[in-house]
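Chemist:
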Amino acid sequence: MVTSWSKQRNHLRTLLTYGIISVLAGSLSVMSARATEASNVEEVAPRQTVSPPAATPRIVAPQVSQPEVTPPKLAPPKVTVRKIIPRQNSAANIPAASLDAIFAGATPVSVSDLRAMQRQIQNVTKKIVPCTVGVRVGHAHGSGVIVNEDGYVLTAAHVAGKPGEQAVLILHDGRQVPGETLGIHRTLDAGMVKITAERSGNRVPWTHAPLGTSAELAPGQWCLATGHPGGYEPGREPVLRVGRVLSLKGDTAITTDCTLIGGDSGGPLFDVNGRVIGIHSRIGNPLNVNLHVPIDSYRDDWSRLAAGEAWGHTPDVQPYIGVRGEKDATTAKIAGVTPDSPAAASGIQPGDTIEKFNARAVPDFATLKELVNNQQPGTRVRLLIRRGDTLLRVELEIGDLRR
Amino acid sequence: MKRGFVLSGCVIALLVIDPTLGSRTTIGDEPAASFLRRLGRFDAPSINSRSHESVRSAFRELVSSATDSTVRVLSNGTQVALGTVVRSDGLVLTKASELDGDITCAVRTGKRWPAKIVGLSRDHDLALLRLDNANLVAVKWAADDNAPQVGAWLATTGGAADPRAIGILSALPRRSAMPQAVLGIQLQATGAGARVLFVIGDSSASRARVQIGDIVVRVGATEVNTPDEVSTAIQSHLPGDQVTLAIRRNGEPTTITATLGSREHLGNQAQSEIMDSLGGPLSKRRAGFPSVLQHDTVLRPRDCGGPLVDIDGHVVGINIARVSRVASFAIPANEITAVLPELLSGKYAVPSATVDQVTGRP
Numbered sequence: 124m125v126t127s128w129s130k131q132r133n134h135l136r137t138l139l140t141y142g143i144i145s146v147l148a149g150s151l152s153v154m155s156a157r158a159t160e161a162s163n164v165e166e167v168a169p170r171q172t173v174s175p176p177a178a179t180p181r182i183v184a185p186q187v188s189q190p191e192v193t194p195p196k197l198a199p200p201k202v203t204v205r206k207i208i209p210r211q212n213s214a215a216n217i218p219a220a221s222l223d224a225i226f227a228g229a230t231p232v233s234v235s236d237l238r239a240m241q242r243q244i245q246n247v248t249k250k251i252v253p254c255t256v257g258v259r260v261g262h263a264h265g266s267g268v269i270v271n272e273d274g275y276v277l278t279a280a281h282v283a284g285k286p287g288e289q290a291v292l293i294l295h296d297g298r299q300v301p302g303e304t305l306g307i308h309r310t311l312d313a314g315m316v317k318i319t320a321e322r323s324g325n326r327v328p329w330t331h332a333p334l335g336t337s338a339e340l341a342p343g344q345w346c347l348a349t350g351h352p353g354g355y356e357p358g359r360e361p362v363l364r365v366g367r368v369l370s371l372k373g374d375t376a377i378t379t380d381c382t383l384i385g386g387d388s389g390g391p392l393f394d395v396n397g398r399v400i401g402i403h404s405r406i407g408n409p410l411n412v413n414l415h416v417p418i419d420s421y422r423d424d425w426s427r428l429a430a431g432e433a434w435g436h437t438p439d440v441q442p443y444i445g446v447r448g449e450k451d452a453t454t455a456k457i458a459g460v461t462p463d464s465p466a467a468a469s470g471i472q473p474g475d476t477i478e479k480f481n482a483r484a485v486p487d488f489a490t491l492k493e494l495v496n497n498q499q500p501g502t503r504v505r506l507l508i509r510r511g512d513t514l515l516r517v518e519l520e521i522g523d524l525r526r
Numbered sequence: 062m063k064r065g066f067v068l069s070g071c072v073i074a075l076l077v078i079d080p081t082l083g084s085r086t087t088i089g090d091e092p093a094a095s096f097l098r099r100l101g102r103f104d105a106p107s108i109n110s111r112s113h114e115s116v117r118s119a120f121r122e123l124v125s126s127a128t129d130s131t132v133r134v135l136s137n138g139t140q141v142a143l144g145t146v147v148r149s150d151g152l153v154l155t156k157a158s159e160l161d162g163d164i165t166c167a168v169r170t171g172k173r174w175p176a177k178i179v180g181l182s183r184d185h186d187l188a189l190l191r192l193d194n195a196n197l198v199a200v201k202w203a204a205d206d207n208a209p210q211v212g213a214w215l216a217t218t219g220g221a222a223d224p225r226a227i228g229i230l231s232a233l234p235r236r237s238a239m240p241q242a243v244l245g246i247q248l249q250a251t252g253a254g255a256r257v258l259f260v261i262g263d264s265s266a267s268r269a270r271v272q273i274g275d276i277v278v279r280v281g282a283t284e285v286n287t288p289d290e291v292s293t294a295i296q297s298h299l300p301g302d303q304v305t306l307a308i309r310r311n312g313e314p315t316t317i318t319a320t321l322g323s324r325e326h327l328g329n330q331a332q333s334e335i336m337d338s339l340g341g342p343l344s345k346r347r348a349g350f351p352s353v354l355q356h357d358t359v360l361r362p363r364d365c366g367g368p369l370v371d372i373d374g375h376v377v378g379i380n381i382a383r384v385s386r387v388a389s390f391a392i393p394a395n396e397i398t399a400v401l402p403e404l405l406s407g408k409y410a411v412p413s414a415t416v417d418q419v420t421g422r423p
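Taken in sequence, the protein lines are chains A and B. Position 7, counted from 1, in the first sequence is what the working numbering calls 130; the numbers after and before it change by one each time, with no gaps. Position 328, counted from 1, in the second sequence is what the working numbering calls 389; the numbers after and before it change by one each time, with no gaps.
1. Kindly say whether B:E396, judged by its beta-carbon, lies nearer than 7 Å to any beta-carbon of chain A.
2. In chain order, what are the residue ranges of uninterrupted beta strand (DSSP E) at least 3 long that sit wholly in the region 115-176 of chain B?
3. What residues of chain A sit near B:A119, judged by a beta carbon separation below 9 Å?
4. Check whether chain A comes within 7 Å of B:E159, counting only Cβ atoms and requiring the distance to be less than that.
5. Considering only residues of the same chain and omitting the five flanking positions on each side of A:V247, which have a CB-CB separation below 8 Å?
6. Closer than 8 Å is the cut-off here; do at least three beta carbon pairs connect the region 508-516 of chain A with the region 475-488 of chain A?
7. Just the Cα atoms here: how many angstroms apart are A:T140 and A:L383?
8. Can the beta-carbon of B:N380 be found less than 7 Å from the beta-carbon of B:T139?
9. From the DSSP output, in three-state form, read off B:R99 for me.
10. Sorted by chain position, which residues of the same chain lie with C-beta nearer than 7 Å to B:L339's C-beta, five sequence neighbours on each side aside?
11. Starting from A:P301, trace the beta strand (DSSP E) both ways and give me its first and last residue.
12. On the DSSP letters alone, give me the boundaries of the beta strand (DSSP E) that A:V416 sits inside.
13. Could you spell out the range, first to last residue, of the alpha helix (DSSP H) harbouring A:W345?
14. For a quick check, are the C-beta atoms of B:W202 and B:T358 less than 7 Å apart?
15. Are the beta-carbon atoms of A:Y355 and A:K317 separated by less than 7 Å?
16. Which residues does DSSP pair with B:E313 in a beta bridge?
17. Of all Cβ atoms in chain B, is any one closer than 7 Å to the Cβ of A:Q499?
18. In three-state terms, what does DSSP make of B:A269?
19. Quick test of your reading: B:V376 and B:A394, contact by CB under 8 Å. State the CB separation rounded to the nearest angstrom.
20. Report the partner residues of B:W214 according to the DSSP bridge assignment.
21. Considering B:Q247, what are the terminal residues of the beta strand (DSSP E) in which it resides?
22. Which runs of the beta strand (DSSP E) spanning at least 3 residues fall entirely within the region 216-293 of chain A, listed in chain order?
23. Listing by chain order, which chain B residues have their CB less than 7 Å from the CB of A:R259?
24. Mind listing which residues of the region 198-216 of chain B have their C-beta closer than 9 Å to chain A's C-betas, in chain order?
25. Would DSSP call B:P351 helix, strand or coil?
26. Could you tell me the distance, in whole angstroms, from the CA atom of B:A142 to the CA atom of B:G366?
27. Helix, strand or coil: how does DSSP classify A:L80 here?
28. Does chain A have any CB closer than 7 Å to the CB of B:G340?
29. Among the candidates B:K156, B:V200, B:L190, whose CA atom is the shortest distance from the CA of B:S125?
30. Taking DSSP as the reference, what is the three-state secondary structure of B:M239?
31. How would you label B:G463, buried or exposed, when you count the other beta carbons within 10 angstroms and need 16 or more for buried?
32. If we define contact as Cβ-Cβ less than 7 Å, is B:D337 a contact residue for chain A?
33. Could you tell me whether the region 433-441 of chain A touches the region 304-320 of chain A, using the rule of 3 or more Cβ pairs below 8 Å?
34. So A:T137 contacts chain B; which residues on that side make the cut at Cβ distance below 7 Å?
35. Ignore the nearest five residues each way along the sequence and tell me which others in B:L230's own chain have a CB closer than 8 Å to its CB.
36. Mind checking who A:K372 pairs with in its DSSP beta bridge?
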């Protein structure tokens with residue numbers, strides 16, 4: 124029997140692929156199952172957003188520090204949020220803010236402000252829609268964005284599925300081109316696909332969107348989202364939504380009120396200059412919980428993604444094998460084995476030292492932890508074990524602690 | 062108000078999960094729910110949200126004329142829709158399928174009129190109401206060559222000076238196909254009637270526990286003898302409708318009530334229901350329109366039927382449905398100005414304005 128508690132929980136953090144909707148049960152945020160934006164606006168006095176916890180632990184290993192990327196200059200994220208306009212019409216008393224300041228979070232106060240915003244949004248829309256694609260991998264129907272002239276497409280890990288799969292990319296005008304899935308970073312839900320078709324045979328560059336940077340985003344900043352909600356629909360171009368950044372969770376998620384639904388997964392979030400700042404990943408029940416993977420993560424992981432590597436685990440699982448390390452040991456020496464665990468089933472014993480994990484050297488227990496954490500439960504791995512003077516080969520399947 | 066809490070990112074930090082070991086650490090003695098409640102709510106309206114009242118009030122000046130042409134439509138005293146005044150002597154367009162019982166219209170001043178349905182276009186789900194002795198302000202339609210482009214601001218007027226909600230045009234006008242209702246069974250013609258050969262998993266039929274070998278005798282009030290007759294009877298409904306099936310099972314008569322699904326999501330009904338449940342209530346009739354403007358305004362079903370206004374203050378359409386978490390539909394102005402003369406001429410007159418004929422359903 125499903126309790127109402129778990130029913131509600133199951134409605135949260137829905138991944139947005141249309142074909143293979145999965146629900147993340149043990150998800151990562153406090154949310155209320157309360158829904159409509161409209162009623163909130165009506166009932167509750169305005170107050171500051173409660174920011175999500177700032178320190179989000181990386182469950183995967185921190186990336187090796189990256190070379191400095193020179194981020195394109197964004198509209199400065201100044202804290203220029205002005206006072207809420209009183210009910211009576213006092214627009215005349217408020218000094219006009221520049222369009223940059225408005226898009227960075229200052230409140231538009233006049234019809235001419237709105238007109239200037241519309242002009243910019245419409246100009247940018249003409250550029251971003253042609254870069255937005257539908258992505259089909261097996262039964263999964265998601266979205267993506269072409270980010271360079273060679274036809275590299277950013278999408279969500281749960282759309283790409285796994286490396287080396289055939290994909291079909293649907294261009295904004297409905298044309299379909301073949302592609303192949305490259306790497307996935309499951310923990311962040313970042314994925315990459317490449318168009319394998321040569322454009323008209325002559326290497327005409329693919330229409331693509333430039334990458335922005337997510338490091339300097341600030342709450343209140345305006346943004347645009349495109350994608351194929353409900354899956355690609357013939358005769359409908361990629362669908363535009365406009366909203367604002369509501370909160371930032373380090374380098375793992377951007378929350379906006381650009382509403383998303385199944386089929387949008389993998390689609391791009393843009394700044395108002397048309398640069399990609401995030402990739403749609405998942406939603407919670409409230410309309411203001413739409414989460415995007417920050418673009419900086421893609422840039423940091425670019426070479427691994429492009430090389431077709433798959434790593435990390437989805438947030439709804441906790442990979443484990445069931446061994447405990449020896450205190451203060453300088454090697455990956457096993458002090459204890461959890462009964463009924465994958466390690467126990469494979470015959471690993473206390474006193475064994477794990478030397479290799481899928482052909483990679485395991486110098487210490489911390490490395491072993493990290494290697495396990497980068498596997499999706501269900502994956503089979505090969506271990507090389509030293510027991511006394513003997514070397515043993517062991518194969519085991521990564522377990523899931525949450526099951 | 063329903064609430065559900067799940068683990069927060071902050072709590073994950075407290076949970077020391079060692080992937081190699083498989084042990085869990087608990088969060089002290091405090092029950093998880095109350096611990097998490099203290100961390101705050103995610104859905105509190107933020108001053109940074111797009112539709113915050115500070116942003117909506119910038120639209121006040123440009124919606125003022127359309128607001129004067131907006132009425133609230135009440136059925137048996139409760140607001141079920143908004144209405145758009147199309148002629149000052151008391152003609153109002155509204156969303157037909159929301160109407161039920163005694164209909165009245167109210168303006169901002171609080172004045173109310175009883176309304177009578179004098180025209181109906183089921184295709185558009187629009188009803189034309191007549192308010193006797195009313196003196197209202199008719200809307201100014203946007204010119205045909207002023208149709209909004211993707212990314213255009215769109216404001217939905219309501220009963221106040223500021224717009225009820227705002228959004229942008231998400232996609233250019235297109236046809237919205239009428240979804241086909243399905244039961245999810247395969248039938249075989251036999252001498253005894255239409256016999257169930259196969260029941261599709263996660264379909265309307267499987268949920269209603271239709272069984273292989275059942276003979277379908279009646280769909281609603283319609284007697285059926287062949288598979289074709291069953292399909293026709295089912296397809297006269299819309300997805301979401303409840304139908305009673307009279308069935309003969311092992312020679313014994315029995316009845317089953319099934320909630321019909323849509324062909325698009327056949328075999329995948331649970332998925333489409335989860336998607337539909339995310340982000341607030343949807344209109345009952347939300348597809349099957351000749352032409353729609355898709356915009357990202359967050360509306361409640363009862364906010365449909367009123368004017369949709371562009372940056373010039375012109376009315377570019379009438380909101381016709383809350384469609385999904387990401388979309389609301391409006392019938393474009395040119396479509397309305399084309400059908401309005403026919404509604405006025407009495408071509409679509411409702412012979413007797415009984416409620417059931419006004420559901421807007423085929």
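Glycine included, C-beta positions come from ideal geometry on N, C-alpha and C.
Modeler: Here's the rundown:
1. For the purposes of this step, residue 396 of chain B is taken as residue 335 along the second sequence, with counting starting at 1. Cβ-Cβ to chain A under 7 Å: no for B:E396.
2. The region 115-176 of chain B contains these whole beta strand (DSSP E) runs: 131-136, 139-148, 152-156, 164-167.
3. Position 58 of the second sequence, counted from the first residue, corresponds to residue 119 of chain B. Contact of B:A119 with chain A by beta-carbon distance below 9 Å involves I208, A214, T230, P231, V232, S233, V234, D236, L237.
4. Here residue 159 of chain B refers to the residue found at position 98 of the second sequence. No, B:E159 does not count as interfacial toward chain A.
5. What you label residue 247 of chain A is simply residue 124 of the first sequence in a count that begins at 1. The beta carbon of A:V247 sits closer than 8 Å to those of L347, F393, V395, N396, G397, all from its chain and outside the five residues before and after it, given in chain order.
6. Because the criterion of three Cβ pairs below 8 Å is met, the region 508-516 of chain A and the region 475-488 of chain A touch.
7. The residue you call residue 140 of chain A lines up with position 17 of the first sequence. The residue you call residue 383 of chain A lines up with position 260 of the first sequence. When rounded, the distance between both Cα atoms is 11 Å.
8. Counted from its first residue, the second sequence places residue 380 of chain B at position 319. Counted from its first residue, the second sequence places residue 139 of chain B at position 78. By the CB criterion at 7 Å, B:N380 and B:T139 fall outside the cutoff.
9. Residue numbering aside, residue 99 of chain B sits at position 38 when the second sequence is read from its first letter. Here the model assigns B:R99 a pLDDT of 41, short of 50, so the residue's position is not dependable, and the following value carries that caveat. Reduced to three states, the DSSP call for B:R99 is coil.
10. Numbered from its first residue, the second sequence carries residue 339 of chain B at position 278. R386.
11. Translated into positions along the first sequence, residue 301 of chain A becomes position 178. Run containing A:P301: 299-308, per the beta strand (DSSP E) assignment.
12. In the first sequence, residue 416 of chain A corresponds to position 293, counting from 1. Element bounds for A:V416: 413-417.
13. Position 222 of the first sequence holds residue 345 of chain A. Segment 345-348 is the beta strand (DSSP E) holding A:W345; no alpha helix (DSSP H) there.
14. Translated into the one-based positions of the second sequence, residue 202 of chain B becomes position 141. Translated into the one-based positions of the second sequence, residue 358 of chain B becomes position 297. For B:W202 and B:T358, no; Cβs fall outside 7 Å.
15. As a position in the first sequence, residue 355 of chain A is number 232, starting the count at 1. As a position in the first sequence, residue 317 of chain A is number 194, starting the count at 1. Cβ distance not < 7 Å, so A:Y355 and A:K317 don't count as in contact.
16. Taking the first residue of the second sequence as position 1, residue 313 of chain B is located at position 252. As DSSP reads the structure, B:E313 sits in a beta bridge with B:R310.
17. In the first sequence, counting from the first residue as 1, residue 499 of chain A sits at position 376. Judged by the 7 Å Cβ criterion, A:Q499 is not in contact with chain B.
18. Position 208 of the second sequence, counted from the first residue, corresponds to residue 269 of chain B. B:A269 falls in the coil class under three-state DSSP.
19. Sequence index remark: in the second sequence, residue 376 of chain B carries index 315 (1-based). Sequence index remark: in the second sequence, residue 394 of chain B carries index 333 (1-based). Their Cβ separation, rounded to whole angstroms, is 6 Å, which keeps B:V376 and B:A394 in contact under 8 Å.
20. Walking along the second sequence from the start, residue 214 of chain B turns up at place 153. DSSP lists B:I229 as partners of B:W214.
21. In the second sequence, counting from the first residue as 1, residue 247 of chain B sits at position 186. DSSP places B:Q247 in the uninterrupted beta strand (DSSP E) bounded by 246-251.
22. Every unbroken stretch of the beta strand (DSSP E) spanning 3 or more residues and falling wholly within the region 216-293 of chain A is given here in chain order: 255-260, 263-269, 275-279, 289-293.
23. Locating residue 259 of chain A in the first sequence gives position 136, counting from the first residue. When 7 Å is used as the limit between beta carbons, A:R259 is near no residue of chain B, the shortest such separation being about 16 Å.
24. Residues passing the 9 Å Cβ filter: Q210, V211, G212, A213, W214.
25. Translated into positions along the second sequence, residue 351 of chain B becomes position 290. The answer is strand: DSSP assigns B:P351 an E or B state.
26. For this step, residue 142 of chain B is matched to residue 81 along the second sequence. For this step, residue 366 of chain B is matched to residue 305 along the second sequence. C-alpha separation (whole angstroms): 6 Å.
27. Past the edges of chain A, shown from 124 to 526, lies residue 80 of chain A, and the structure says nothing about it.
28. As a first step, residue 340 of chain B is located in the second sequence; it is residue number 279 there, counting from the start. Cβ-Cβ to chain A under 7 Å: yes for B:G340.
29. Start at 1 with the first residue of the second sequence, and residue 125 of chain B comes out as number 64. Of the candidates B:K156, B:V200, B:L190, the one whose C-alpha sits nearest the C-alpha of B:S125 is B:V200.
30. Taking the first residue of the second sequence as 1, we reach residue 239 of chain B at position 178. Coil, per DSSP.
31. Past the edges of chain B, shown from 62 to 423, lies residue 463 of chain B, and the structure says nothing about it.
32. Position 276 of the second sequence, counted from the first residue, corresponds to residue 337 of chain B. Interface with chain A (7 Å Cβ-Cβ cutoff): B:D337 is excluded.
33. Output reads yes: the region 304-320 of chain A touches the region 433-441 of chain A.
34. In the first sequence, residue 137 of chain A corresponds to position 14, counting from 1. Within 7 Å Cβ-Cβ: I335, L339.
35. For the purposes of this step, residue 230 of chain B is taken as the residue at position 169 of the second sequence. For B:L230, same chain residues with a beta-carbon under 8 Å away, outside a window of 5 residues either side, are P209, Q210, V211, G212, A213, L215, L354, Q355, H356 in chain order.
36. Indexing the first sequence from 1 puts residue 372 of chain A at position 249. According to DSSP, which records beta bridges pairwise, A:K372 is partnered with A:A376.
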